[in-house]
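For reference, the structure discussed in these notes is given below.
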Amino acid sequence: MSDADSLNVDEERFWRALMRVMIALPRSLDADLLRSTGLSLTDYIVLVNLSEAENQELRMTELAAACALSASRITRIVETLQARGQVVKRRHEGDGRGHVASLTPDGLKRLRAAYPVHLASARKRVVDQLDGRSLPALVRQFEAVVKRLD
């Protein structure tokens with residue numbers, strides 16, 4: 007590796023801090039939600055995506071993509087949420103091969119109850135740690151990173 011490929015001191019510090027955040031933050035958010043609501047962070051993300059979808063339903067492939075999960079993982083999560091009465095999974099009416107996941111009234115109720123917990127956790131662990139004046143620039147920079155990931 008040449009020096010041109012190396013990170014400078016600030017880049018290295020940022021990269022290492024980002025890696026720690028990527029590892030620790032999901033665990034912390036998950037623990038906060040589980041302790042207070044019984045929902046995992048992944049359950050919450052699935053319910054959020056369904057709540058924001060047209061008719062509060064998505065094809066399983068679309069739901070997996072929206073949640074950044076594999077097809078097998080989204081299937082397991084939806085089956086668990088269905089067993090709890092928070093989601094209904096049914097065959098897609100158009101092609102009969104694919105499946106659609108729909109949010110139930112109980113799922114929406116659970117999501118609404120979990121939202122303040124998730125918001126408080128996000129504020130405590132991230133948002134309140136940032137300088138509010140730098141947020142617009144941070145948003146632009148992270149959105150640029152996200153575009154390169156898709």
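Just so we're aligned, residue 7 is where the sequence shown starts under this note's numbering, counting upward by one. Virtual Cβ for every residue (Gly too), placed ideally from N, Cα, C. As the structure is a computational prediction, the values presented were derived from the model and not from experiment.
| Item | Value |
| --- | --- |
| Please indicate yes or no: does the CB of A10 lie closer than 7 Å to some heavy atom of the ligand SAH? | Among the ligands in the structure shown, none appear at all, so the ligand SAH cannot be discussed. |
| Going by alpha carbons, who is nearest to I80 out of A70, A89, L64, D36? | A70 |
| Where L144 and V152 are concerned, what is the direct C-alpha to C-alpha distance, given to the nearest angstrom? | 12 Å |
| Is it buried or exposed, D49, if we count other Cβ atoms within 10 angstroms and call 16 or more buried? | buried |
| According to DSSP, is E18 part of a helix, a strand, or is it coil? | helix |
| Do you know offhand how far R82's Cα is from A10's? | 45 Å |
| Do you know whose CA, among G104, V93, H98, lies nearest K115's CA? | V93 |
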